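Trainee:
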């Protein structure tokens, strides 16, 4: 079932006085429940594509449809609601709030939303944090965790609202290969259990092994689109 | 959650918070200590007026009051006795004494000085004025001895006379005749009122009968109403004004002035000083505010990705603004508390030991100031409350600008995958 459809997406920006075309008419359809890796050399447009899909940036032209809704016509406020309700983000640098504990970081999206009771928040947070393997570290601060553990917290935070789509930019780039494999295995497990769609960029060949579909970008175009 | 994040961020950067808070603390501490010192000076000046120069209340004849700057001996108080008897019946009055002010010239060899002398009654005067307490050398009048004078210590030093020396006083009598008489210096006064130290000349009624030919005539009656340390000036003035009204209603033909009426210009000047003090403290606090602006701005730039995450998670710009505003307020509160504690500790010393400003005041014309160089502080709970309020308010104002800046950050600006 189709979740996201990009048609002839072009993204241009200026760097100094030079106009750079980061995406040159990308056509891409992402199905619900996919576990998709975007790969390619530096400057190929991976990060730009993720920013546009996550509504953190806008396309210069082309169409982006999410569940049948055209995102290109939404204003910043509507995009913000879309982002909040549908997408979980996982960052390379984790971006946890350093003064909040693991529990507080993970519960933050639910607390802000104010739609779930405190008891429900508590139970959901404990469940998801246990799922990412940090059930015994609920009251630790990010500074007391290893990089891999921080990324697990960031995954828990992205998933606690049960979004349909999770975007991750180089989620394992700051981790050693063993931890990177653990993280990608965790993401894969959640993808299979909850049918959450994962789209992530990576350079790591080990991580790519887990992807069910690999889209390779080259010079702003899709060079290959390989399903396994 | 927002308050929690703000509070923890304050604790996270302890050194930075401390440095910002300390500028606020310093400003507020100075504010409180200025207030204490000024309050102490005001109080000491007012007490000097009541205890040494004017009494709580002063009664003149109307004619005398109209020309009192010329010290005319022709206008005395008529019917002194019924007036005194009535005043003695007033429960709050603990002392009443007659005095006569007269223009005189004190002559020692070739040196002389024109000044205003006071005729006092040695048995009743100490019930209104505390002169005997400040005799530094010699003694107070033991009897109505006709040939004795007490001088301000500074005046005696300037004239080069001491205890046991003889000085010549010259004046016009009540009947406009010139007279001069020798007096033996029996006491020297060193009071907290510089005016007395520098030009005070006191003789007894008995002496004045011969010297000024006054024969029981008095130009003023001075009244003492006790003033406790805990009673503030407004309450005291209100109380003595009631007595003033009672006397005025009972006896016409007299002018009754409180010490406050007599020194209104000076007391107004002191209020002016207080406004200047507030202005100084305000500028010091502004420096503190700049520190807070800087700290919060640093915090905003440092936490730009954190702000982005919060915005992406759905926190509204106004809540982001509020978070940084809370941080500013918390720094202000910490600063205010630090300033209050420091001011409290220093003020204990200022209230008990006083601050010696003699060196500072040496070149000032202290005759215009009813107070000497040792200044004591005063407790004023209102200054502490104001400091707390001011510190918090200024910090909140200082945080508005960086908080607004933080509120304008969009999640896309700081969260874009890079």
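Chains as they are written, first to last, in the working numbering: chain U, 2 to 229; chain G, 22 to 439.
Don't be surprised by glycine CBs; every beta carbon is placed ideally from N, CA and C.
This structure is a prediction, so every number in the text was calculated from the model and none was measured.
1) Is residue 13 of chain G helix, strand or coil by DSSP?
2) Using a 10 Å radius around the Cβ and a threshold of 16 neighbouring Cβ atoms, would you call residue 207 of chain U buried or exposed?
3) Quick one, are the C-beta atoms of residue 45 of chain U and residue 179 of chain U less than 8 Å apart?
4) Pull up the distance between the alpha-carbon of residue 387 of chain G and that of residue 179 of chain G, whole angstroms please.
5) Straight-line CA distance for residue 146 of chain U to residue 371 of chain G?
6) Exposed or buried, what is residue 245 of chain G when buried is set at 16 or more other beta-carbons lying within 10 Å of its beta-carbon?
7) Pairing CB atoms from the segment 54 to 67 of chain G with CB atoms from the segment 328 to 342 of chain G, are three or more of them under 8 Å?
8) Between residue 187 of chain G and residue 293 of chain G, what straight-line distance do the alpha-carbon atoms span, to the nearest angstrom?
9) Could you spell out the range, first to last residue, of the beta strand (DSSP E) harbouring residue 170 of chain U?
10) I'd like to check one pair, residue 424 of chain G with residue 342 of chain G: are the Cβ atoms closer than 8 Å?
11) Report the residues of the segment 105 to 138 of chain U with a CB closer than 7 Å to any CB of chain G, ordered along the chain.
12) By the 10 Å Cβ neighbour count, where 16 or more other Cβ atoms means buried, how is residue 322 of chain G classified, buried or exposed?
13) Since I believe residue 212 of chain G is in contact with residue 218 of chain G (beta carbons under 8 Å), could you give me their beta-carbon distance rounded to a whole number of angstroms?
14) Give the DSSP-derived three-state secondary structure of residue 220 of chain G in the structure shown.
15) Residue 427 of chain G versus chain U: which residues are under 8 Å apart at the beta carbon?
16) Using a Cβ-Cβ distance under 8 Å, would residue 85 of chain U count as near chain G?
17) With 16 as the cutoff for other CB atoms within 10 Å, does residue 14 of chain U come out buried or exposed?
18) I want to verify the contact list: residues of chain U whose CB lies under 8 Å from the CB of residue 327 of chain G, in sequence order.
19) Using alpha carbons as the reference points, say which of G:27, G:411, G:132, G:141 lies closest to residue 123 of chain G.
20) Would you say residue 95 of chain U and residue 152 of chain U are within 8 Å of each other, going by their C-beta atoms?
21) Would you check if the distance between the CB atom of residue 205 of chain G and the CB atom of residue 183 of chain G is smaller than 8 Å?
22) Helix, strand or coil, according to DSSP, for residue 273 of chain G in the structure here?
23) Of all the beta strand (DSSP E) runs that stay within the bounds of the segment 78 to 165 of chain G, which reach a length of 3 or more residues?
24) In its own chain, which residues sit with a C-beta less than 7 Å from the C-beta of residue 401 of chain G, not counting the 5 before and 5 after it?
25) Name the two residues that bound the continuous alpha helix (DSSP H) containing residue 155 of chain U.
26) Can you confirm whether residue 199 of chain U, when its beta carbon is compared against all beta carbons of chain G, has any partner nearer than 8 Å?
27) Give the C-beta separation of residue 355 of chain G and residue 42 of chain G to the nearest angstrom, bearing in mind that I take them to be a contact with Cβ-Cβ under 8 Å.
28) Name the chain U residues that come within less than 8 Å of residue 22 of chain G, Cβ to Cβ?
29) Does the separation of the CB atoms of residue 114 of chain G and residue 248 of chain G fall below 8 Å?
30) Kindly say whether residue 90 of chain U, judged by its beta-carbon, lies nearer than 8 Å to any beta-carbon of chain G.
31) Roughly how many angstroms separate the alpha carbons of residue 524 of chain G and residue 160 of chain U, rounded to a whole number?
32) In chain order, what are the residue ranges of uninterrupted beta strand (DSSP E) at least 3 long that sit wholly in the segment 39 to 119 of chain U?
33) For the beta strand (DSSP E) that contains residue 245 of chain G, what are its first and last residues?
34) Tell me the rounded alpha-carbon separation between residue 10 of chain G and residue 122 of chain U.
Mentor: According to the data block:
1) Because chain G here runs from 22 to 439, residue 13 of chain G falls outside it and cannot be looked at.
2) exposed
3) no
4) Note on residue 387 of chain G: pLDDT 49, under 50, position unreliable in the model; no value is reported.
5) 52 Å
6) buried
7) no
8) 44 Å
9) 166 to 170
10) yes
11) 109, 110, 112, 113, 114
12) exposed
13) 6 Å
14) helix
15) The contacting residues do not exist; residue 427 of chain G stays about 14 Å from chain U at best.
16) yes
17) exposed
18) 96, 98, 99
19) G:141
20) yes
21) no
22) coil
23) 78 to 82, 116 to 129, 132 to 141, 156 to 159
24) 56, 57, 60
25) 148 to 160
26) no
27) 4 Å
28) 105, 109, 112, 113
29) no
30) yes
31) No information on residue 524 of chain G is available, as it lies outside the stretch 22 to 439 that chain G covers here.
32) 62 to 67, 88 to 91
33) 241 to 245
34) Lying before the first or after the last residue shown, residue 10 of chain G is absent from chain G, which here runs from 22 to 439.
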